[in-house]
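Numbers in my numbering are just positions in the sequence shown, counted from 1, shifted up by 1489.
Here is the structure we will look at, set down as structure tokens.
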Amino acid sequence: MKYAEFDIDNNKIEFLNSVLGFEIVLINGKKISNRFSITGIEHKFELNSKNYILKSKAKLFAKDGINIQLSENRELIETINLEYNKKHRLYWMLFGVFFGLLGFKLGKILVENLTH
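Take a look at the structure:
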């Protein structure tokens, strides 16, 4: 899902994020960075002899869930604050509940086997 788009010197920089936490940065449709993150990460790249950092920061349970900052030569040039996609939030909640229950069940089985 596309979360942000920046136009820099006639170049389109796009930030995409999947429900599984894979972040992708595209320049004019070409993938230049692909990283995994749940709470945010930095994507460093060069464009027209300038150094850029696209930094994502996710607050998993806050209303303003995703903060995206674009810096050019270490100077912040644009910030975007977005709410989480409601489907993404639901998937992560289900993921947490599933693994919480699984961990509880496995722990219970382990304790029962150790006490007998």
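Backbone N, C-alpha and C fix where the C-beta goes; we use that ideal spot for every residue, glycine too.
Under the three-state reduction of DSSP, which class applies to residue i: helix, strand or coil?
i: K1575; result: helix
i: T1528; result: coil
i: N1570; result: strand
i: N1517; result: coil
Exposed or buried, residue i, counting other C-beta atoms within 10 Å across all chains shown (16 or more means buried)?
i: F1640; result: Residue 1640 lies beyond the stretch modelled for the chain, which goes from 1490 to 1605, so this question has no answer here.
i: S1545; result: buried
i: I1566; result: exposed
i: N1499; result: exposed
i: E1512; result: buried
i: V1514; result: buried
Is residue i near residue j, with beta carbons less than 8 Å apart?
i: K1501; j: N1523; result: no
Leaving aside the five residues before and after residue i along the sequence, list all residues of the same chain whose C-beta is less than 7 Å from its C-beta, in chain order.
i: E1561; result: K1539, Y1541
i: N1580; result: According to the sequence displayed, residue 1580 carries Tyr and not Asn. Hits under 7 Å: V1508.
i: Q1558; result: K1544, L1565, T1568
Excluding the 5 residues preceding and the 5 following residue i in the sequence, name in chain order all residues of the same chain whose CB lies nearer than 6 Å to its CB.
i: L1509; result: none
i: N1556; result: K1546, N1570
i: G1529; result: S1545, K1546, A1547
i: F1525; result: G1510, F1511
Return the first residue and the last residue of the beta strand (DSSP E) that residue i is part of.
i: K1501; result: 1500-1506
i: K1544; result: 1539-1547
i: L1509; result: Where L1509 is concerned, there is no enclosing beta strand (DSSP E), given that its DSSP letter is neither H nor E.
i: N1556; result: 1555-1561
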